[in-house]
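Structure first, commentary second.
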Amino acid sequence: MGNYSKALEFHEKSYQISEKALPSNHPDLALSYNNIGAVYDSMGDYSKALESYEKSHKIREKALPSNHPDLAMSYNNIGRVYKNMGDYSKALEFYEKDLEIKKKALPPNHPDLATSYNNIGLVYKKMGDYSKALEFYEKAHKIYEKALPSNHPNLATSYNNIGQVYNSMGDYSKALEFYEKSHKIGEKSLPSNHPGLATSYNSIGGVYKNMGDYLKALEFYEKSHKIREKSLPSNHPGLAISYNNIALVYADMGDYSKALEFYEKAHQISEKALPSNHPDLATSYNNIGAVYKDMGDHSKALEFYEKAHKIFEKALPPNHPDMAVSYNNIGQMYNNMGDYSKALEFNEKALKIREKTVSPNHPDLATSYNNIGATYFGKGDYSKALESFKKAQKIVEKALPPNHPSLASSYNNIGAVYDSMGDYSKALEFYEKSHKIREKALPSNHPSLAISYNNIGMAYSGKGDYSKALSFLETALSIWQKSLPPNHPNIKTVTNLIDYVKKKM
Numbered sequence: 007m008g009n010y011s012k013a014l015e016f017h018e019k020s021y022q023i024s025e026k027a028l029p030s031n032h033p034d035l036a037l038s039y040n041n042i043g044a045v046y047d048s049m050g051d052y053s054k055a056l057e058s059y060e061k062s063h064k065i066r067e068k069a070l071p072s073n074h075p076d077l078a079m080s081y082n083n084i085g086r087v088y089k090n091m092g093d094y095s096k097a098l099e100f101y102e103k104d105l106e107i108k109k110k111a112l113p114p115n116h117p118d119l120a121t122s123y124n125n126i127g128l129v130y131k132k133m134g135d136y137s138k139a140l141e142f143y144e145k146a147h148k149i150y151e152k153a154l155p156s157n158h159p160n161l162a163t164s165y166n167n168i169g170q171v172y173n174s175m176g177d178y179s180k181a182l183e184f185y186e187k188s189h190k191i192g193e194k195s196l197p198s199n200h201p202g203l204a205t206s207y208n209s210i211g212g213v214y215k216n217m218g219d220y221l222k223a224l225e226f227y228e229k230s231h232k233i234r235e236k237s238l239p240s241n242h243p244g245l246a247i248s249y250n251n252i253a254l255v256y257a258d259m260g261d262y263s264k265a266l267e268f269y270e271k272a273h274q275i276s277e278k279a280l281p282s283n284h285p286d287l288a289t290s291y292n293n294i295g296a297v298y299k300d301m302g303d304h305s306k307a308l309e310f311y312e313k314a315h316k317i318f319e320k321a322l323p324p325n326h327p328d329m330a331v332s333y334n335n336i337g338q339m340y341n342n343m344g345d346y347s348k349a350l351e352f353n354e355k356a357l358k359i360r361e362k363t364v365s366p367n368h369p370d371l372a373t374s375y376n377n378i379g380a381t382y383f384g385k386g387d388y389s390k391a392l393e394s395f396k397k398a399q400k401i402v403e404k405a406l407p408p409n410h411p412s413l414a415s416s417y418n419n420i421g422a423v424y425d426s427m428g429d430y431s432k433a434l435e436f437y438e439k440s441h442k443i444r445e446k447a448l449p450s451n452h453p454s455l456a457i458s459y460n461n462i463g464m465a466y467s468g469k470g471d472y473s474k475a476l477s478f479l480e481t482a483l484s485i486w487q488k489s490l491p492p493n494h495p496n497i498k499t500v501t502n503l504i505d506y507v508k509k510k511m
């Protein structure tokens, strides 16, 4: 944080000197505003950054010809702030203006054109328009292949970008292929402790995490972390990213105490390195909240989710996608606590933002429909629950590959509604679809597999097939006892179900 205030102080002094010495439209004044904007951008103070970048831009518009590279830089900076603010249509508008100038001013294979294509690709990726994202990332990549030597770090970045899109699409084998190409270049062109190699290990770890290969994920995340420990100062945000990633894996493995330990390490760094209203601090609170949610401690989870939300409210515009995540998290907690009207209120706020900001088949929209469905389910309004869950299912089936864990969750939700309606054969049909995906995608002791066994057991119990029910419920209990803390509500629930089934036999 001290570095940001010093940087601001330096750039503001520079501006004051320039203001006295130069006419009001001198390009050097634009540069001063630009530098001040860059500091605010790094601090996560996007409205201040935008204000400074726009002042810079006004001077450049008056002082420079319409195709001057500095004008392109202005459009690029303003586009980046809108991207950070989650206003993707505005970001695209300014990134495209930047691209227009560069197309006129530069030869067709100039690396700066590739940078513009990459920026536009990133916005489409964030909007969930993966085909458009790939189109622009591949345009950038073609330029890099022609303009740069085969081991240039920008080519590695390009492979990494394409890998990210495939990862988001759930095409993990393709993602790995591109991440490994990126990594090979990094190994040849960078020293062994370069932060770029850490990023590469990090990306590969992320794919293994998504594939449910948690030991492999940890292996790569720890490689990444070792490099960052050697190459970065102890309070660098890059180290916080490492701790966060390791924590994510432990959370997915159901080792919640380990997850909390690493999230808190990340949070301590973020608190020291960032201003108090930086969005990354809110993300840190959200992560800690998510662990408490998984542990079944709903009031603790809500406490951290609300801390995150307060920061997002101050730091971000009202329609930023991270605001949707925040509403979504708070809504889930109210749902788990049985306050369904509050849950619906927050989940619908999340849905409204997502309807405005992402493409109609974005998985985040499915998340919103699932959450709204869960609230109606909690209220006992099964027809409305089914309607919302089926909307989510249609999106997930279009957006993700057939063995993606999100599809398993979707089938599971629909099965739960049929189960509660007493249609046990329909419930079994969807529970088994969900279970098949989870068996392929997850390790044998993953808590989500226990959910499948538990639900199939309940459906057999409903049908009166108590011996089958007992077998599935005991498998669920065995997994949860290995992966969850002993006082977790799931363990208590399944133990009660086992007692009930045994009495019926």
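Residue numbers (this note's numbering): 7 to 511.
Glycine residues also receive a C-beta, built at the ideal position from the N, C-alpha and C atoms.
| message | Quick test of your reading: Lys299 and Ala307, contact by CB under 8 Å. State the CB separation rounded to the nearest angstrom. | response | Taking the Cβ atoms as the reference, Lys299 lies roughly 4 Å from Ala307, within the contact range of under 8 Å.
| said: Am I right that Pro285 and Phe310 are in contact with their C-beta atoms under 8 Å? What's the rounded C-beta distance? | reply: About 15 Å; that fails the 8 Å criterion.
| field | Backbone secondary structure at Met7 - three-state DSSP | value | Low per-residue confidence applies at Met7: pLDDT is 46, beneath 50, and the placement is therefore not dependable enough to give any value.
| query | Whose C-beta lies closer than 7 Å to the C-beta of Asn493 among residues of the same chain, with five residues either side of it excluded? | reply | none
| Of the listed residues Ser156, Ala398, Ile247 and Leu476, nearest to Ile420 (C-alpha basis) | Ala398
| query | Roughly how many angstroms separate the alpha carbons of Asn251 and Gly212, rounded to a whole number? | reply | Answer to the nearest angstrom: the Cα atoms are 8 Å apart.
| Where do the N-terminal and C-terminal ends of the alpha helix (DSSP H) with Asp300 fall, by residue? | Segment Pro285 to Asp300, the alpha helix (DSSP H) holding Asp300.
| Nearest to Asn502 by alpha carbon, out of Lys488, Leu476, Ile485 and Tyr172? | Leu476
| field | Residue closest to Ser188, alpha-carbon to alpha-carbon, out of Gly176, Gln170 and Ser174 | value | Gln170
| Thinking C-alpha only, which one of Tyr39, Phe478, Lys278 and Ser431 is nearest Lys469? | Ser431
| query | What's the gap between the Cα of Tyr88 and the Cα of Ser164? | reply | 22 Å
| query | Near Met150, which residues of its chain fall below 6 Å by C-beta distance, leaving aside the five closest residues on each side in sequence? | reply | Per the sequence shown, the amino acid found at residue 150 is Tyr instead of Met. Closer than 6 Å at the Cβ level, and outside the excluded window around Tyr150, lie Ala120, Asn160, Leu161 and Ser164.
| Less than 9 Å separating the beta-carbons of Ala314 and Ala356? | For Ala314 and Ala356, no; Cβs fall outside 9 Å.
| Distance between Ala279 and Met7 (C-alpha atoms, nearest Å) | Residue placement at Met7 is flagged as unreliable, the pLDDT there being 46, under the threshold of 50; the coordinate-derived value follows with that caveat. For Met7 and Ala279, the distance between alpha carbons rounds to 5 Å.
| Between the C-alpha atoms of Tyr466 and Asn90, what's the straight-line distance to the nearest angstrom? | 49 Å
| Whole-Å CB distance - Tyr597 paired with Phe226, under 8 Å assumed | Not covered by the structure: residue 597. The range shown for the chain is 7 to 511.
| query | Where does Leu112 fall in DSSP's three states? | reply | coil
| query | How is Asn160 classed by DSSP in three states: helix, strand or coil? | reply | helix
| query | Among Tyr340, Ser282 and Ser290, which has the Cα closest to the Cα of Ser305? | reply | The candidate whose alpha carbon is nearest that of Ser305 is Tyr340.
| Assigned exposure category for Ser62 - 16 Cβ within 10 Å defines buried | buried
| Same chain only: Cβ atoms within 8 Å of Gly244, ignoring 5 sequence neighbours per side | Cβ within range, chain order: Pro201, Ala204, Arg234 and Leu238.
| Bounding residues of the alpha helix (DSSP H) (the contiguous stretch that carries Leu119) | Pro117 to Met133
| request: Compute the Euclidean distance between the alpha carbons of Gly50 and Ser240, then round it to the nearest angstrom. | output: 21 Å
| DSSP on Ser188, reduced to helix/strand/coil? | Of the three classes helix, strand and coil, the one that applies to Ser188 here is helix, per DSSP.
| Rounded to a whole number of angstroms, what is the C-alpha to C-alpha distance between Asn41 and Phe100? | 19 Å
| field | Span separating the alpha-carbon of Tyr190 from that of Leu196 | value | The amino acid at residue 190 is misidentified as Tyr; the sequence shows Lys. One C-alpha to the other measures close to 10 Å.
| task | Determine the closest residue to Leu56 out of Ile65, Ile84, Ala78 and Pro71, with distance taken between C-alpha atoms. | result | Ile84
| request: Within 10 angstroms of the Cβ of Tyr52, are there 16 or more other Cβ atoms? Answer buried if so, exposed if not. | output: buried
| query | What's the call for Gly295, buried or exposed, on a 16-neighbour Cβ count within 10 Å? | reply | buried
| field | Cβ neighbours of Tyr375 in the same chain (closer than 8 Å, five flanking residues each side left out) | value | Leu357, Ser394, Phe395, Lys397, Ala398 and Ile401
| task | Specify, as a first and last residue, the run of the alpha helix (DSSP H) that Ala450 falls within. | result | The displayed chain sequence assigns Ser, not Ala, to residue 450. That residue, Ser450, is in no alpha helix (DSSP H); it is neither H nor E in DSSP.
| query | Where does Tyr506 land, buried or exposed, given buried means 16+ other C-beta within 10 angstroms? | reply | Burial call: exposed.
| How about Asn496 and Ala456: are their beta carbons less than 9 Å apart? | yes
| field | Contacts around Asn367, its chain only, beta-carbon distance under 8 Å, and the 5 residues preceding and following it disregarded | value | Gly134, Ile401, Lys404 and Ala405
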